[in-house]
Amino acid sequence: MRRYGSNLAALALAMLALCTHAAAQTLPAWLTTNCPECAERMADKTGVYILEKGEESLLGRAWLTQNATQTIDVQYFIWSSDNIGTLAAEQLLSAAERGVRVRVLVDDTLIDAQDKTLLLLSAHPNANIRIYNPNLRVGVNFWERMGNAFTKFRDVNQRMHDKTAIFDNAAGITGGRNMADEYFDFDHEYNFRDRDVLLLGPAVADMTENFEEFWNSAFAHPVELLLEDIGREITAMDVEKKSRELHAYASDPKNFKPQIRDAITLAPGKFPAIVRAMSWEDVAFISDIPGKNSGEHGLGGGGESTQQLIDAVKNAKSSILIQSPYLVMPEGGIELFDELVGRGVRIRISTNSLASTDNIQAFSGYHGQRKALLKAGVELYEFKAYPAIRDELIERFPDLAVRNPVFAIHAKSMVIDDRTVFIGTFNLDPRSANLNTEVGMLADSVELARQLTTSIEHDIDPANSWQTTLEFNPDMAVSRLKRLRVWLNRALPLEPVL
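Its first residue numbered 13, the sequence shown is counted upward by one per residue in the working numbering.
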């Protein structure tokens with residue numbers, strides 16, 4: 013399901029069209045055992061559980077991966093070869109070895125696994141890996157990369173920003189987290205304050221449909237075809253060796269912290285509690301077509317997810333609360349906010365400060381618009397690099413706290429009128445609006461709105477964020493050199509790709 017009307021009521025009505033499909037679906041044993049009431053509830057509602065902490069989101073993925081019996085489909089923008097990325101690969105390989113069909117679709121730009129590793133993992137008969145829009149990294153040599161950057165500028169910048177993990181077509185996770193240490197509060201130097209959502213029910217069918225559309229699109233290329241020359245050199249012994257290496261890595265306590273392993277062991281006992289805590293709602297899973305749009309408008313053109321979110325914002329009556337790591341208003345955005353504030357809508361935005369941001373280019377775009385946003389009446393809160401909330405996020409790992417890592421906002425969420433909720437991958441910037449494909453959950457729920465509002469308001473508390481005004485901003489908290497880099501980036505014509 014992709015196209016909806018311009019209001020949330022239309023979304024809810026469209027969602028009900030899938031009820032018969034959901035009711036007829038045979039649910040996996042791991043779900044019916046842990047949630048006997050789920051079959052009845054999933055007939056017409058989607059269960060929603062917000063995954064605030066990185067550890068909780070990691071445990072959810074690990075437990076579902078270990079218990080899936082038929083299929084696992086995952087789609088990511090970034091897959092790192094660090095601790096988390098390697099452990100995730102090992103978990104998926106283990107699932108394939110016990111007979112689960114595993115499909116992995118990763119964007120080409122920021123995958124840092126070696127080509128041979130990709131081929132070795134995809135060599136398993138139950139595992140398949142495809143690369144989205146491969147014109148920079150996988151199967152592309154240096155000269156091709158340089159040529160593509162100059163001759164295919166729009167294509168190179170059109171990326172798959174989707175982040176989904178689907179288990180037995182019954183449970184799905186989506187949100188801001190990629191497969192790397194820093195998205196799960198594990199990095200020693202820099203971590204993200206992020207947010208995912210666990211879904212059970214009809215919305216997962218939409219998530220699966222979106223995955224199938226991308227998997228079968230002309231943008232998705234099997235690694236075997238991209239790396240044919242290397243593939244000819246791979247032997248069965250190479251595949252077996254890689255499997256042993258991954259399993260040995262995951263078995264080493266230095267790599268897989270004992271407390272995390274213990275937590276995963278206890279996860280089955282916690283799953284019923286998670287289900288009891290779920291909010292059962294009419295949920296729409298919103299997404300874009302592969303390629304985002306036709307490309308006829310160059311670096312513009314919008315997308316289906318863009319329009320859905322614009323429609324939701326335009327219908328606001330009293331309040332909008334947004335959390336976005338990058339804040340560069342697309343064309344017409346500041347004017348829309350000015351109009352909404354003029355109608356009495358209170359707009360608050362949580363974003364990164366110059367001290368916390370991981371993206372100087374994006375911050376330079378925000379820096380150029382900040383005064384206009386404030387003059388329009390938007391309330392801005394910039395996250396601190398060392399917020400008080402980090403102690404809550406890494407409370408299980410006191411050794412990490414000693415290292416004093418920086419934290420930054422990476423969650424992409426919104427609450428409208430204390431009842432409309434969005435959690436997904438969409439940043440408030442031109443890239444998400446026009447170039448990157450995006451996904452997310454859109455729901456009409458007072459309870460979810462309350463939970464999400466509480467979380468974001470905690471992030472904008474003075475202990476965690478500075479409130480920026482026309483008289484004050486926290487830019488002086490960083491070095492003169494970093495501030496200079498912002499001004500230099502502002503001089504470049506980067507805004508359409510920020």
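Note that the Cβ used here is the ideal one computed from N, Cα and C, for glycine as well.
Distance CB(residue i)-CB(residue j) smaller than 8 Å
i	j	result
Val451	Ser317	yes
His379	Arg207	no
Lys396	Asn476	yes
Gly111	Asn138	yes
Leu211	Met453	yes
Asn46	Pro214	no
Gln170	Gly281	no
Ile401	His470	yes
Pro40	Thr81	yes
His422	Gly66	no
Ala446	Gly314	Note that residue 446 is Asn in the sequence shown here, rather than Ala. In contact: Asn446 and Gly314 (Cβ atoms closer than 8 Å).
Asn190	Phe89	yes
Gln103	Thr129	no
Reference residue i, options the options, closest by Cα
i	options	result
Glu483	Ile123, Lys387, Asp429, Glu194	Lys387
Thr432	Asn145, Asn364, Glu404, Asp323	Asp323
Phe204	Ala192, Pro214, Ala215	Ala192
Val60	Phe438, Glu102, His259, Ser291	Ser291
Val418	Glu391, Glu459, Ser368	Ser368
Asp197	Gln463, Leu70, Gly315, Trp227	Leu70
Leu333	Gln319, Gly188, Leu464	Leu464
Glu275	Arg142, Trp75, Thr38	Looking at the sequence itself, residue 275 is Ala, so the reference to Glu does not match. For Ala275, the nearest C-alpha among the options comes from Trp75.
Asp120	Leu105, Arg142, Ala182, Ala107	Arg142
Leu385	Asp403, Tyr398, Ile346, Asp370	Ile346
Val1	Ser92, Glu194, Glu404, Phe165	Residue 1 lies beyond the residue range present for the chain, which begins at 13 and ends at 510; the question has no answer from this structure.
Ala262	Asp473, Pro48, Gly97	Gly97
Ile468	Arg113, Gln103, Thr363	Thr363
Val114	Thr277, Arg157, Asp85	Asp85
Leu440	Glu252, Asn153, Phe349, Trp155	Phe349
Asp180	Met219, Tyr398, Ile359, Lys254	Met219
Asp403	Tyr393, Asn416, Glu391	Asn416
Arg358	Val390, Thr83, Arg382, Thr58	Val390
Glu68	Asn153, Leu500, Val209	Val209
Thr58	Ala182, Phe226, Leu237	Ala182
Alpha-carbon spacing of residue i relative to residue j, whole angstroms
i	j	result
Met249	Val340	50 Å
Ile62	Leu133	31 Å
Gly436	Asn145	21 Å
Asp487	Ser376	12 Å
Ile185	Gln87	10 Å
His233	Gly151	10 Å
Ile361	Asp199	26 Å
Leu506	Asn448	15 Å
Lys329	Gly356	8 Å
Leu239	Ala289	46 Å
Arg256	Leu131	15 Å
Trp42	Cys50	11 Å
Gly310	Pro337	25 Å
Gly312	Lys326	20 Å
Ser365	Thr481	13 Å
Lys494	Val216	43 Å
Ala489	Phe438	28 Å
Asp241	Asp264	33 Å
Ala36	Lys266	Note that Ala36 scores 48 on pLDDT, short of 50, meaning its location in the model is unreliable; the coordinates nonetheless yield the value given after this. Answer to the nearest angstrom: the Cα atoms are 45 Å apart.
Ala108	His136	7 Å
Ala296	Met172	20 Å
Val235	Phe162	24 Å
Gln479	Asp473	9 Å
Gly307	Glu194	33 Å
Asp167	Asp127	22 Å
Gly354	Ala374	27 Å
Gln319	Asn305	12 Å
Asn147	Tyr202	29 Å
Ser229	Asp430	38 Å
Leu504	Ala101	39 Å
His33	Val458	Low per-residue confidence applies at His33: pLDDT is 45, beneath 50, and the placement is therefore not dependable enough to give any value.
Ala260	Gly72	22 Å
Leu392	Arg382	9 Å
Glu549	Ser331	In this structure the chain extends from 13 to 510, so residue 549 is not present and cannot be described.
Trp227	Trp155	28 Å
Supposed close pair residue i, residue j - CB separation, criterion 8 Å
i	j	result
Leu460	Glu293	7 Å
Val498	Ile372	6 Å
Ile123	Arg157	Actually they do not touch by this definition, with Cβ atoms about 14 Å apart.
Leu117	Leu258	Wrong, their Cβ atoms sit about 20 Å apart, outside the cutoff.
Ile286	Phe223	Contact flag wrong, Cβ pair sits at about 23 Å.
Phe434	Leu321	7 Å
Ala420	Asp370	6 Å
Any chain D beta carbon closer than 8 Å to residue i
i	result
Val458	The structure shown has no chain D; it contains just one protein chain.
**Report entry** Length-filtered (3 minimum) beta strand (DSSP E) runs lying within the region 89-151
**Finding:** 113-123, 139-144
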